Each structure stands twice: as C-alpha cells, then as structure tokens.
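Residue numbers (the working numbering), protein chains in the order written: chain Y, 58 to 391; chain C, 58 to 391.
Using N, Cα and C, we set each Cβ at its ideal position, and we do this for glycine too.
Quantities reported herein were computed from a predicted structural model and do not represent experimental measurements.
Worksheet: the structure to be examined is printed underneath.
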DNA sequence: CCAAGTGGAGCAAACGTTTGCCTTGCCTGG
DNA sequence: CCAGGCAAGGCAAACGTTTGCTCCACTTGG
C-alpha cells in the first residue's frame, strides 16, 4: 500500500513547517511569495494531494467537499436524472457525492442519515420520506445543511426545490378535456405522498374548472409501481362504463397501464387515451408516441445542489424554495 | 453543530480507558465481561456511533465501510441497475457507496479515482474507460482493491464480472437468421470498447456459422448514444438494397433506430425487424413488443460487490472472473 | 518459593490536517 | 532611540480512532 505524500513530506522537501504548507494551499495566513513558490514546487514534485479524510476529521465545519444524496431508488429514471444534476454541479465545485437508496424504508433512511453525519458530509439533498420526517429534522437540528427535493417537509424552514405537480396535472387533464374526454380515469399516487396528492388535486381542479363532475369510481390510487398501474388500469377499463382516457400519475404506473391496455387489445388513442406523468425513454418512439408531463428532473437536482452549496457557504442566508415547471409534451396518445 | 458522543465520552462514563471502549466495540483484545457490560451500557446511554471519518483516518487498511463506484452515466439504465446491485449488497454489510459519473471522460475518471483514494475507500468498482487504463492500474498498484465490471482491463489480474456479450449477440443474430433474415444490419458500438467489439464478434460469428457472407456496407458503428442510433439506422435503411432487420448494440441506440424506423413509416417486424441489446422500460408494452437481449445488470453489480467485499477481507485470495449470461427475450419485433 | 505465563486494562503514539498562538525580524512614527 | 505594528512563519494542540506496549495482579508448574 503505497502511501500518498503528506503535508510533512512536502514541508520537509520545501524546508518549511507543515503549517506553512497548509496555509499556502488554503490561501489562509500570510506567506511570502518566494516561500509559496518553494512549497508549490515541492507539492508538484511529490504529486501531493491533500488527504480528504484527515481534512474532514480536523475541519469539521469547514468544507470537506462531500455531499450526501439520499433517494428512494436510482432505478427510477426521475431520480437518476436528478442525481445526475446534483453530480454535475458538485463536480464543477470539486465535490464528490455520497449516494444512497433508501427504498422508502424508514430504517434504511435513518441508517443512511447516520452514515452521512458520521462521514461529516457538508450537506444533504433528499426527498423526505414524508412530511414530518423526524430523522431528517434531527439532522437539521444537528446543524447539517439539508435541501429537500421533489417532496417537502412541513416544518423546518429548509431550502427546497420541487416540481409544480399541481400545475403539471392540471395542464394534462385540461388537455384531455379539450380533446373531448368526459370520463377520465385517474391512476393516482399514494395518499400520503405530497406529489401524489398534488397531482390528484390538479386532476380534480381541471374537472372543476371545466364544470365536470368528479366520479369516485374513476379515481384509483396505487403505489407508484408498475404492478399497481397495471392492476388499476384493468380495474378502470373493466368498468361497465369505462373511462375514455387515463391520467396516470407516474412513469412506472404508466408502463403498467400500457400493459393493461395492450392486454385488452385496446387501440390508443382511438379506444382509450392516455397521458402519464414522467417522460419515458421510449415514449417518443412509442406507437403512438406518448403524450406525457415531463418533469425537469435534472434541473431539480441541479438547483438543489446549487442551493446546497450556497447554504454551505453561508448558513445564515434566507431559505429559498423553488418550484420548477413541468412541461406537457403533446404527442399522439391523447 | 451538536457534536456526537465520542470514545472519550463513553470511556469517561464507563470509567475506563478509551482503548478499552474501542476494544469492546471491535471485539479485539481481552476485556472482562463486567467491564464490557459497563461499556455497552454507556454506549447505549450516550447513543454512541463510531465516527467513520476518524476510523478511516486511523485505520487505513482496516475496513472503513466505504465502497467507491465509478460509472459512465447513472442515467443509463444498465448502470443504474448495476449500481443498485452494488448498493444492496453494500448496505447488507453496512457499507456506504460513493458514486461518481465519469461520462467516458478520462480527466473526470482520474479526478474521481483520486477522490476515492483520498477518501480511503475500501475498494472500487468500475468499468475501465478502456483496456489499458493507466489511472486504474496506478490505483491497483497503490493497493486499493478494484473489481472491473462490464468491461475489463487487459492486464492487472483483477477480479471482474462481465456479461457474455459475444454470446448475447450470437444468440440474437442466430435468432434473426432463423427468422429468415439474410441481410441483417449491424449498429455496433465504438471499436475501442470491449463490449462493442464482443457484440460485433457475436454478430459476425452468427453469420459465419450460418454460412452467410458479411457485408461491410451493412455494418455501422456508433457511440452508444441515441443520436448515433438514429443516424446509422437512417443510413442503413436508406441503402439501395436495405437490410431486412437491424441488430443494435445497446439500448440508447435502439431507441434511436426506432426513431428512424418510425420516421420512415416502416412497420415492425413486417418491413424491418429489430433486436437490440439492453432491456428498455417500455420494451414489453411497445407496439410491437421488442425482442431484446437483456443484460443481468443488477446481478453484475451484486456479484461485483460481493467479490469486492471478499477481496477487502482477504487481499490474497485468487482473483475470480465471472461471465454472466445475457438472456434473449423473444417478443414480436423480430 | 520463584519464574513464567495469562487475563485484563491503561498509556500514548499515530493517522494527516487546520489553526490559535507565539516568535522573530524589520519597519515606522514619534 | 524606542515602542508598536506587521509580515512571515514556526510550534503544538486538536479532531476521534486504533493499536503496540506496558503494567499489574493472579495463577501455576517446577
């Protein structure tokens, strides 16, 4: 195990004290030009790279160039895009990202929050598991900067960046109504998720605006997984008086609904229209191309990371909360 | 910034020396039953959690419960699945994962390799950027355990787990030939990627086996991105004597090819058949459902992480290299 | 009765930084 | 000529662990 050059090696070679080396690196304290020159040369010659672990151990509070990102599941493309957004701005500022999947599992979330703190990350980005997430609140109290993404925390006064889910759903359903649909099935998200709730609210408001009645038998709620999309779509399409179009509240459930539609041999959009939340990789080349509500996932991650970096720099700055606009991409499925 | 309880706090409360606490935690050294009891109680009462940073700083060489994962792009679902596999086994062993995207960019890869070493990760999982990746070799020489995934390194004698790309392509093209196709277009990967080469080899071998001639005008090579899939498919389909089916060497390029096919108004599989590498989210519900070669991405990650953990435990164990089998999923597109 | 062995636990160094404080030499204003 | 100030840089503590050594008190075999 070849050791990396350390401060003392550099110091020895430059014939100065280690504190001098440290100070030239960090531009802190006053060091003469010539000495700096010597130190820099020694560093170059030895290929010195400061040890991040030691730095973090010592400099708790000052920056250690590590961000934590805790997400439900990286296999969900929304979070993959988001993660990429975070990563890109982190990289540009020389930060690395510690990434964890918590699978909507509270124990796992807690474990990872612990890890993050014990790793002394500079800050954490996460979608809270629910609106009163006590573990997260605890972390915040400990003084670690946190920014919420996608979902938000009821209390805590945190920076956050969300997508305007209500608006996205509203626009989508408005469009469906404009296409002439009067019986629109809803495949919604879990009632305890803020995103699910907001999208459902958009669906309802679109109906209210248009003076259309809400029928409970047309509104079903799943768990954001493919399986439930399929099941619920089957339920809806099996109704005596089935909906003429489906509004599905996330990508995976949309895929599930598509399965059901295919299984029943229904033609899109003639026999049933469909609009889903989340852009899907093949949506554009699907037959017919899928009309979807695209969430700016990458931008969410990007903004969140930017906010976090700013907060790390200045813990006192006023909190900001962003609401990014989703985009209704009109294609042929409705 | 509330501080966590430290060893000294526990020691003070249990009225023992910190070394005693450390030893009871790590089950190293001989400590009396009663003392252990006292220490454990003190730990519980203070909610003590060992500081991972300090541990890593000191115990370079002993385990610090951090794994590094460097991948081209987490937005590529293959790597997302792989990452998930890694994460799951890591979590089960109380490891956290430091994840980085290097974007096939050598500078970025180098930066992240540095970070990993400076963070003293216990080991690294990555697909080398190419077969003679000097930066990776350097890391290996430094003594950090590394396991290669997906792609491999020509030298170095490392643990690795790959997918049998040759086999996957072979089976796919065999199937296409069995379906009666005689002119099969290839949209291959970059010539300097081992995966691309292997898949191309599979394509060729299937032809040889069947006694079919290889036509260079039917073989095009892209960069594994959607754009190139579209362009190359257009080129192939625009030929005077176009191929009757396309074999596409990864998921993104398949999506691109599908775009081209749709743009030309061609019917699958009647006018053109298509088989792609990589399972895609909507492939199953596509119209028609897509025949694809599914790579066991999750398993690759899982096996790699298991291998890495074993190596961390025993640096001397003989290296193993796994070759996982892809699966040809027959659907309707060819 | 003594040497050697053993179980139990403390001391202090080391890991590689950052940083508060101190020292030194030189300059400057009075 | 001297006090005070300042620029430059050294000393050593501290961050929270792990671990090699030492130390002590017993036991035990000869």
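Opposing strand residues paired with residue i [DSSP bridges]
i                     : result
residue 16 (chain C)  : In the structure as shown, chain C starts at 58 and stops at 391, and residue 16 (chain C) therefore has no counterpart that could be examined.
residue 124 (chain C) : C:154 and C:180
residue 276 (chain Y) : Y:243
residue 349 (chain C) : C:333 and C:386
residue 473 (chain C) : As shown, chain C starts at 58 and ends at 391. That puts residue 473 (chain C) outside it, with no answer to give.
residue 381 (chain C) : C:220
DSSP three-state assignment for residue i, whether helix, strand or coil
i                     : result
residue 245 (chain Y) : strand
residue 161 (chain Y) : coil
residue 254 (chain Y) : helix
residue 374 (chain Y) : coil
residue 88 (chain Y)  : coil
residue 259 (chain Y) : helix
residue 146 (chain Y) : helix
residue 399 (chain C) : Outside the displayed range of chain C (58 to 391) lies residue 399 (chain C), so it cannot be described from this structure.
residue 341 (chain Y) : coil
residue 47 (chain C)  : For residue 47 (chain C) there is no data in the structure shown, the boundaries of chain C being 58 and 391.
residue 114 (chain Y) : helix
residue 62 (chain Y)  : coil
residue 73 (chain C)  : coil
residue 296 (chain C) : coil
residue 83 (chain C)  : helix
residue 105 (chain C) : coil
residue 168 (chain Y) : helix
residue 68 (chain Y)  : helix
residue 271 (chain C) : coil
### Message
With a threshold of 8 Å, are at least 3 pairs of Cβ atoms found where one atom belongs to the segment 142-160 of chain C and the other to the segment 361-371 of chain Y?
### Response
no
#### Entry: Cβ contact (3+ pairs, closer than 8 Å) linking the segment 231-244 of chain Y and the segment 300-307 of chain Y
yes
#### Entry: Every unbroken beta strand (DSSP E) inside the segment 309-338 of chain C [3 residues or more]
330-334
### Query
Does the pairing of the segment 305-316 of chain C with the segment 325-338 of chain C give three or more beta-carbon distances under 8 Å?
yes
### Task
Please confirm if the segment 366-376 of chain Y is in contact with the segment 246-266 of chain Y, defined as three or more CB-CB distances below 8 Å between the two stretches.
no
### Task
Spell out a yes or no on whether the segment 203-222 of chain Y and the segment 177-190 of chain Y are touching, meaning 3 or more CB-CB pairs, one atom from each, closer than 8 Å.
yes
### Message
Extract the residue ranges of the beta strand (DSSP E) inside the segment 181-245 of chain C, only unbroken runs of 3 or more that lie entirely within it.
### Response
203-206, 216-220 and 241-245
### Task
Answer yes if the segment 139-148 of chain C comes into contact with the segment 341-359 of chain C, meaning at least three C-beta pairs across the two stretches below 8 Å, and no otherwise.
yes
### Query
Along the segment 165-198 of chain Y, what residues have a CB closer than 9 Å to any CB found in chain C?
165, 168, 169, 171, 172, 173, 174, 175, 176, 177 and 198
### Message
Residues of the segment 354-370 of chain Y in Cβ contact with chain C at a cutoff of 9 Å, in chain order, please.
### Response
355
### Message
Under 7 Å, CB to CB, which of the residues in the segment 237-269 of chain Y have a partner in chain C?
### Response
none
#### Entry: Stretch-stretch touch, CB-based, cutoff 8 Å, three pairs: the segment 125-138 of chain C with the segment 83-100 of chain C
no
### Task
Please list the residues of the segment 313-325 of chain C that have a C-beta atom closer than 7 Å to any C-beta atom in chain Y, keeping them in chain order.
315, 316 and 319
### Query
Quick one, which residues of the segment 136-147 of chain Y are near chain C if we go by CB-CB under 7 Å, in chain order?
137, 138, 140, 141 and 144
### Proximal residues, the segment 101-117 of chain Y versus chain C, C-beta separation under 8 Å
106, 107, 108, 109, 110, 111, 113, 114 and 117
### Query
Are the segment 335-349 of chain C and the segment 273-291 of chain C touching, with three or more C-beta to C-beta distances below 8 Å?
no
### Task
Mind checking the segment 329-346 of chain C against chain Y and listing, in chain order, the residues whose C-beta falls within less than 9 Å of any C-beta there?
337, 338, 339, 340, 341, 342, 343, 344, 345 and 346
### Task
Assess, as a yes-or-no matter, whether the segment 60-76 of chain C is touched by the segment 70-89 of chain Y under the definition of 3 or more beta carbon pairs within less than 8 Å.
no
### Task
For the segment 315-323 of chain Y and the segment 287-301 of chain Y, state whether three or more C-beta atom pairs, one from each stretch, are separated by less than 8 Å.
yes
#### Entry: Interfacial residues, the segment 66-83 of chain C to chain Y, with Cβ spacing under 8 Å
none
#### Entry: Cβ contact check for the segment 322-329 of chain C and the segment 97-111 of chain C: 3 or more pairs under 8 Å
no
### Message
Taking contact to mean 3 or more Cβ pairs, one atom from each stretch, closer than 8 Å, check whether the segment 214-222 of chain Y and the segment 376-385 of chain Y are in contact.
### Response
yes
#### Entry: Contact set between the segment 296-309 of chain C and chain Y, restricted to residues whose Cβ is under 7 Å from the partner
none
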